[in-house]
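With the sequence shown counted from 1, adding 3 to any position gets you our numbering.
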Amino acid sequence: MSSEASMLEKFDEKIRKEIKIEPRDWMPDKYRKTLIRQISQHAHSEIVGMLPEGVWITRAPSMRRKVALLAKVQDEAGHGLYLYSAAETLGTTRGEMIDDLHTGKAKYSSIFNYPAITWADIGAIGWLVDGAAIMNQVMLCRTSYGPYARAMVRICKEESFHQRQGYEIMLTLAKGSEEQKAMAQDALNRWWWPSLMMFGPPDAESKHTAQSMAWKIKRKTNDELRQQFVNATVPQAKLIDLTIPDPDLVWNEERNSYDFGEIDWEEFWNVVKGNGPCNKERLEARQNAAKNGEWVRDAAIAFAEKQSQRKSNKEQVA
Ligand code: BYC
Numbered sequence: 004m005s006s007e008a009s010m011l012e013k014f015d016e017k018i019r020k021e022i023k024i025e026p027r028d029w030m031p032d033k034y035r036k037t038l039i040r041q042i043s044q045h046a047h048s049e050i051v052g053m054l055p056e057g058v059w060i061t062r063a064p065s066m067r068r069k070v071a072l073l074a075k076v077q078d079e080a081g082h083g084l085y086l087y088s089a090a091e092t093l094g095t096t097r098g099e100m101i102d103d104l105h106t107g108k109a110k111y112s113s114i115f116n117y118p119a120i121t122w123a124d125i126g127a128i129g130w131l132v133d134g135a136a137i138m139n140q141v142m143l144c145r146t147s148y149g150p151y152a153r154a155m156v157r158i159c160k161e162e163s164f165h166q167r168q169g170y171e172i173m174l175t176l177a178k179g180s181e182e183q184k185a186m187a188q189d190a191l192n193r194w195w196w197p198s199l200m201m202f203g204p205p206d207a208e209s210k211h212t213a214q215s216m217a218w219k220i221k222r223k224t225n226d227e228l229r230q231q232f233v234n235a236t237v238p239q240a241k242l243i244d245l246t247i248p249d250p251d252l253v254w255n256e257e258r259n260s261y262d263f264g265e266i267d268w269e270e271f272w273n274v275v276k277g278n279g280p281c282n283k284e285r286l287e288a289r290q291n292a293a294k295n296g297e298w299v300r301d302a303a304i305a306f307a308e309k310q311s312q313r314k315s316n317k318e319q320v321a
């Protein structure tokens, strides 16, 4: 047996036995590439995901809401950083990943190309977008690559706070004046379908799912997670007396699940290809942030170099 074949056998055995793959372990090149793609896209989603909510920090309706939103957006920056670090253990660099984002080569979640136009959108994002994100990320806590799985455990704890803060905003608006309730319903109408799209294309059209399931990178398929999300979210909407904007939504006793309407996949691919309502604006915001922060990074590097020079000078004297 060639040494590559024997390494592959060992790798497959670890996957079979649910032993995590760690950075120094041998892994097939395609496994490494799939992880770099998925983890870096995930990291970019966290960073771009700060933009729609970030603009509402100064406009939050009370001190309490402002503090919670500020904490949430900061958490997202943190999630991005854990994820970039996890991807770096696979041999890529943060600079390469960020360049790929800024040049439009790397994807980030379609959902962040929609605008947050009212305060209720902040509620809908927390409730639906973070709700969908958790559904996907809970299964990623069991992903086969160790650093990704461990990052996910911490991220999920923070995401559940995000989901609750969003749902609580929706609850407050839904119990408020007629105008506030209408604002909450309008946000639900606009965010519902894009949230279902977050889970990715239907299984039959998902080019990566079969291999990622075999490698236990993904533990559930796009359609399974989407269904799980619908089943969990419909009762939450009922509880606050809001209507899911889907006339085909109906409980199916046999499947023990909700049946739901057809997703507009043409809209999804259009957004993924860069033609959503905010794609251009989001990319420009990240490119400008990189340009405007260049002097800070240069200064930090110069300072670190000076410190390390001083340390080695002292060591030489001693
Ligand atoms: N948007 O074969 P498929 C968050 C792409 S952020 C754009 O099913 P896969 C949060 C896909 O990349 C949550 N593109 O792919 C932050 C692929 O294209 P490439 C983000 C999408 O990887 C702030 C092609 O379509 N979560 O939590 O097996 C505030 C075919 O798809 C999308 C993650 O990133 C999409 N929605 O499955 C609030 C989780 N869907 O790469 C919240 C980690 C698919 O071949 N990622 N594409 O050019 C995953 O679990 C998987 O990558 C996906 C897709 C389920 C998203």
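A virtual CB, placed ideally from N, CA and C, is assigned to each residue, including glycine.
- For I39, the closest C-alpha among the options L93, E21, P64, E287 is that of L93.
- The region 243-273 is shown to contain whole alpha helix (DSSP H) runs of 4 or more residues at 268-273, in chain order.
- Assignment of Y170 by DSSP, reduced to helix, strand and coil, places it in the helix class.
- Between the region 183-192 and the region 145-153, the count of Cβ pairs shorter than 8 Å is below three; the stretches do not touch.
- Nearest to S163 by alpha-carbon distance, out of K178, V141, A177, is V141.
- Relative to the ligand BYC, D133 has its C-beta within less than 8 Å of a heavy atom.
- Y261 and N234 do touch by the CB rule: their CB atoms are close to 6 Å apart, below 8 Å.
- In this structure S43 does not touch I114 by the C-beta definition: roughly 17 Å separates them, more than the 8 Å allowed.
- When the five nearest sequence neighbours on each side are left out, the beta carbons in the same chain lying within less than 7 Å of the beta carbon of R285 are those of V51, L54, F115, N116, in order along the chain.
- CA-to-CA, the gap between G107 and R157 works out to about 29 Å.
- DSSP places Y148 outside any alpha helix (DSSP H), giving it a letter other than H or E.
- Annotation: F232 to M173 spans about 17 Å, alpha carbon to alpha carbon.
- In the structure shown, I24 adopts extended strand secondary structure according to DSSP, grouped into three states.
- Counting of Cβ neighbours within 10 angstroms places T95 among the buried residues, the total reaching 16 or more.
- A direct Cα-Cα distance of roughly 8 Å separates I101 from H47.
- Pairing S6 with F14, the inter-Cα distance amounts to about 12 Å.
- Here H211 carries a coil assignment [DSSP, helix/strand/coil].
- Contact annotation: the region 125-141 touches the region 190-205, with at least three C-beta pairs closer than 8 Å.
- Counting of Cβ neighbours within 10 angstroms places A213 among the exposed residues, the total staying below 16.
- Secondary structure of C159 (DSSP, three-state): helix.
- The region 55-135 contains, as complete alpha helix (DSSP H) runs of 4+ residues, the segments 66-91, 97-105, 122-127 (chain order).
- By alpha-carbon distance to G203, the top candidate from D124, R193, Q230 is Q230.
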